[in-house]
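Numbering (our numbering), first residue to last: 4 to 260.
We treat Cβ as the ideally placed atom computed from N, Cα and C, and that holds for glycine.
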Ligand SMILES: NC(=O)c1ccc[n+]([C@@H]2O[C@H](COP(=O)([O-])OP(=O)(O)OC[C@H]3O[C@@H](n4cnc5c(N)ncnc54)[C@H](O)[C@@H]3O)[C@@H](O)[C@H]2O)c1
């Protein structure tokens, strides 16, 4: 792997597990220093220790991205440790599958806080700094659920669609500052989030996911590494003229024109 991101600093939210951890590893392989903001301290510190051992500069902040003040402090702490952030990967997210009418207000608020308010907090905190430095890359991990909907994921899908709209709007505002913002939209991917959904006591959740896998033309669920490559590509110079775009990584499950 070429060191296309040598001397770059990346921040990955939710970098301790699943898709985020695969992106953290791929960014490090490409030469970047990597900061992680995650509420799962053990996982975030484990992956940072793994990379530190191979000479990669890392920094970990344990925080919940739904708290704006924690995000502002966390972003400052990452910059103090590693230097100015060149690349932001908005990856942290969470869902538990339930039919829409079974989502009470506190469940709905929890999903919105993590999947919409959280990445808006992080994007806001980082973009101001990128504008001051006239450059940067933002890659947001949304979901195909935000493009085509997903049974049992109505509120989550609304948040993921919201992040697509936020990306397109900010991409228009930020182009003149040399900042690109793009979205990667995974389909069903084998991670803890997916396992927890499968292990839920709602039998219909398992049924929905099995049906989705059968519907994937490549007949398998995605793996975290399937998502990492495109996320890192969007942070390289080769992607400097790509902004406001949404790219699905779903084995062909969704094919929008
Ligand atoms: N797994 C899938 O099938 C799938 C499909 C489409 C999109 N996605 C999206 O991919 C991203 C990564 O998901 P994953 O499947 O790797 O999940 P995961 O549960 O394996 O990892 C998510 C990580 O985010 C962290 N996190 C969650 N909420 C947080 C918060 N409020 N503050 C700080 N950290 C937080 C977790 O601690 C964890 O380390 C999410 O945005 C998810 O919505 C996943």
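Annotated three-state conformation of residue 225 is strand, per DSSP. Segment contact: the region 37-49 against the region 74-83, three or more CB-CB distances shorter than 8 Å; contact assigned. For residue 39, the secondary structure class from DSSP, reduced to helix, strand or coil, is strand. Judged by their CB atoms, residue 141 and residue 154 are not nearer to each other than the 8 Å cut-off. Checking the 7 Å criterion, the Cβ of residue 76 is out of range of every heavy atom belonging to ligand 1.
Sorting 58, 257, 237 and 8 by C-alpha distance to the C-alpha of residue 185 places 237 at the top. Distance from the CA of residue 226 to the CA of residue 24, rounded to the nearest whole angstrom, comes to 12 Å.
Residue 60 and residue 192 have their C-alpha atoms roughly 28 Å apart. When the Cα atoms are used, residue 118 and residue 57 turn out to be separated by approximately 32 Å. Three or more Cβ pairs closer than 8 Å define a contact, and the region 93-108 falls short of that threshold against the region 47-54. The beta-carbon separation of residue 251 and residue 147, rounded to 6 Å, stays under the 8 Å limit for a contact.
Here residue 13 carries a strand assignment [DSSP, helix/strand/coil]. Look at the beta carbons and you see the region 241-251 touching the region 174-184: at least three pairs across the two are nearer than 8 Å. The beta carbon of residue 159 lies closer than 7 Å to those of 98, 114, 118 and 148 in the same chain, with the five residues before and after it left out. A Cβ-Cβ distance of about 7 Å is found for the pair residue 253 and residue 189, placing them in contact under the 8 Å criterion. In terms of side-chain proximity, the C-beta atom of residue 10 is found no nearer than 7 Å to any non-hydrogen atom of ligand 1. Between residue 6 and residue 239, the C-beta spacing is not below 8 Å. A straight line joining the alpha-carbon of residue 121 with that of residue 156 spans about 18 Å.
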